[in-house]
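Under the numbering used here, the first sequence has 299 at position 290, and the numbering climbs by one with no breaks.
Notes for the one structure printed next.
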Amino acid sequence: MSDKDAAFVTEITPQSDDFSRWYTDIIRRAELADYSPVKGSMVIRPYGYAIWELIQQALDRRIKKTGHVNACFPLFIPEGLLKKEAAHVEGFAPQVAWVTHGGEEKLEERLVVRPTSEAIIGTMYSKWIQSWRDLPVLINQWANVVRWEKVTRPFLRTTEFLWQEGHTVHETEAEAQAETLKMLGVYKDFAETELAMPVLEGQKTESERFAGAERTYSIEALMGDGRALQAGTSHNLGQNFAKVFDITFQGRDKTLQHGWQTSWGVSTRLIGGVIMTHGDDSGLILPPRIAPYQVVIVPIPRGDWKETVLPHARRMTEELEELGIRVMLDDREEHSPGWKYAEWEMRGVPVRLEIGPRDIKNEQVMLVRRDT
RNA sequence: CGGGGCGUGGCUCAGCCUGGUAGAGCACUCGGUUCGGGACCGAGGGGUCGGAGGUUCAAAUCCUCUCGCCCCGACCA
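Right, dumping it as C-alpha cells:
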C-alpha cells in the first residue's frame with residue numbers, strides 16, 4: 010500500500026507528521042466529538058460519551074467504595090460568594106462566565122456559572138456542620154463546569170467540560186492530608202487499571218497550585234508525543250475556605266474550630282489522555298474496560314451467509330453479551346468486510362471476530378487484536 | 001493574550017497571483033453485480049465560495065473590517 014493510499018484509507022494525519030493534527034483527526038473520524046457553534050465548546054458524540062459513561066461508572070464505584078456519596082449543587086454561584094476567598098477569586102475571575110440578566114431584568118447581584126464549586130459547597134457546608142460528630146463530610150458531584158478559556162482543544166481544554174469534584178471536610182489537618190493523598194491514589198489506580206494509562210504522582214509547584222489551596226497534588230500521564238498531561242488533581246485546602254465560609258464545628262475538646270477541607274477532580278480530559286496514550290496511525294486504541302464495544306463481529310457475506318453465518322454470529326453475540334462483554338455485530342450490507350476491519354480498527358475496538366462460511370465448516374473463528 | 005497558518009458541497013482540497021457569478025476525489029441517494037483487508041458499473045442530489053462593507057460594468061479571486069478554526073508560546077482539569 011502506498012503512502013497516498015494509506016492517507017486515503019484513514020484520513021488521519023500520521024503522528025510523526027503532526028501529532029496535534031493526528032489527535033484532532035482521530036476525534037473527528039472516530040466520531041468522539043465535534044465542534045459546536047458555541048466557541049470553545051464541543052459536542053460529545055454518542056461514541057465519545059459512551060466512553061465517558063464507562064469512565065464515570067468505574068470511577069464512581071471507587072469513589073463510593075472509599076466512603077463518599079454523590080450530591081448535586083447549583084450551576085450558578087452569586088458573585089459575592091466567589092469573591093470571599095481572595096486567592097480563589099483571583100485565580101478564577103479571569104475565566105468565569107457571568108449571568109447578568111434574568112429574562113429582560115438585570116440581576117441585583119451577578120451570578121457566575123461555576124468554574125468549580127468550592128464557594129457554593131462551602132456555603133452549604135457551613136450550614137450543615139455544627140459538631141465534630143458531623144465530620145467527616147465526604148461528598149462528590151458529577152457536573153459540568155465552565156471556564157472561559159482563550160485557547161481550546163477537544164477534550165483537553167474546552168470552555169464547558171464534564172468532571173467530578175469531591176469536596177470533603179475533616180476534623181484535623183492530618184485527616185485532610187490523608188484524604189488528599191488517598192484520592193490521589195484512587196486516581197492513580199483508576200488511571201492505570203481502567204485506562205491502562207501509567208501516571209506519575211506528585212505535588213505541583215506554588216505557581217501551579219489550585220487557587221485557594223494549601224497544597225495541590227496531581228497525576229501526570231505521558232502522551233505519545235513525549236509530553237506530560239495533567240490528568241487529575243487533589244487539593245489540600247487547609248482551613249482557607251473554612252475560614253471565609255465559616256465552616257466551624259465544636260470539637261471533642263468543646264472548643265470551636267474550623268474544618269479542614271480537600272477537593273479533587275478528574276474531567277473529560279481523561280478521554281484526551283487515553284487517545285494520546287494509546288492511539289496509533291490507524292486510529293484509536295481503547296483499553297477494554299472503557300471501550301463502548303469490546304468486541305466487533307464481522308460476518309463474511311458469502312453464498313447463503315444469511316442462513317448460515319448470520320445466525321451463528323447472532324448466537325455468538327448473545328453468548329458474549331451474557332458474559333457481560335459489550336459486542337457490536339456489524340451485519341450492515343452496504344459495507345465490505347475489509348471496510349469494516351479498517352473502520353473498527355480506527356475506532357479502537359480491542360477485539361475483532363471474523364466469521365465466514367469456511368469458519369462455520371471448520372468450527373473456528375478468526376480473532377484479531379487491535380493492539381498488536 | 002503574543003507569533004504563525006487557514007476558512008470554497010458532509011470530508012480533503014484545486015481555482016485566487018493574471019476578476020468574467022464554481023470544480024475534483026472521497027462521502028451521500030437509486031439500480032445492479034460484489035464482499036476473507038477500505039469493491040465495481042451506471043444514473044443522480046447537494047455549495048454562490050466564513051460574515052459584513054468597499055473597488056469594479058462584473059468579485060471565490062482585489063482592498064478593509066470582523067468571526068471562526070488549527071499550530072507554537074504563556075495559562076489552565
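No residue lacks a Cβ here, since even glycine has one placed at the ideal position from N, Cα and C.
- Only exposed fits Gln104, as fewer than 16 other CB atoms lie within 10 angstroms of its CB.
- According to DSSP, Tyr44 shares a beta bridge with Met51.
- Here the C-alpha atom of Leu147 lies approximately 7 Å from the C-alpha atom of Gly175.
- Straight through space, the alpha carbons of Lys349 and Asp339 are spaced by roughly 8 Å.
- Residues of the same chain with a CB within less than 6 Å of the CB of Ser227, apart from the 5 flanking positions on each side, are Lys213, Gln239, Thr242 in chain order.
- Following the DSSP letters along the chain, one finds Pro308 inside the beta strand (DSSP E) bounded by residues 304-308.
- The secondary-structure analysis by DSSP pairs Tyr226 across a beta bridge with Gln212, Ser243.
- With a contact defined as Cβ atoms closer than 8 Å, Gly233 and Gln24 qualify at about 6 Å.
- Fully contained in the region 63-121 are the following alpha helix (DSSP H) runs of length 4 or more, in chain order: 88-91, 95-101.
- By the CB criterion at 8 Å, Ala220 and Ala128 fall outside the cutoff.
- Assignment of alpha helix (DSSP H) within the region 124-161, counting only whole runs of 4 or more residues, yields 127-137 in chain order.
- Distance from the CA of Ala185 to the CA of Ser45, rounded to the nearest whole angstrom, comes to 40 Å.
- Here the region 258-277 lies against the region 162-180, with 3 or more beta-carbon pairs under 8 Å apart.
- Annotation: the continuous alpha helix (DSSP H) that includes His287 extends over 278-287.
- Taking C-beta separations shorter than 6 Å and ignoring five residues to either side along the sequence, the partners of Arg218 in its chain run Thr225, following chain order.
- Under the 8 Å Cβ criterion, the region 272-281 does not count as touching the region 312-328, having fewer than three qualifying pairs.
- Taking all protein chains shown into account, Ala42 has 16 or more neighbouring C-beta atoms within 10 Å of its C-beta and is therefore buried.
- In the DSSP assignment, His344 falls outside any beta strand (DSSP E), carrying neither H nor E.
- A residue is called buried when at least 16 other Cβ atoms come within 10 angstroms of its Cβ; Lys48 does not meet this threshold and is exposed.
- Remark: C-beta atoms of Gln65 and Trp151 approach each other more closely than 8 Å.
- Boundaries of the alpha helix (DSSP H) harbouring Gly194: 182-202, taken from the DSSP string.
- Nearest to Arg119 by alpha-carbon distance, out of Glu352, Ala102, Asn371, His287, is Ala102.
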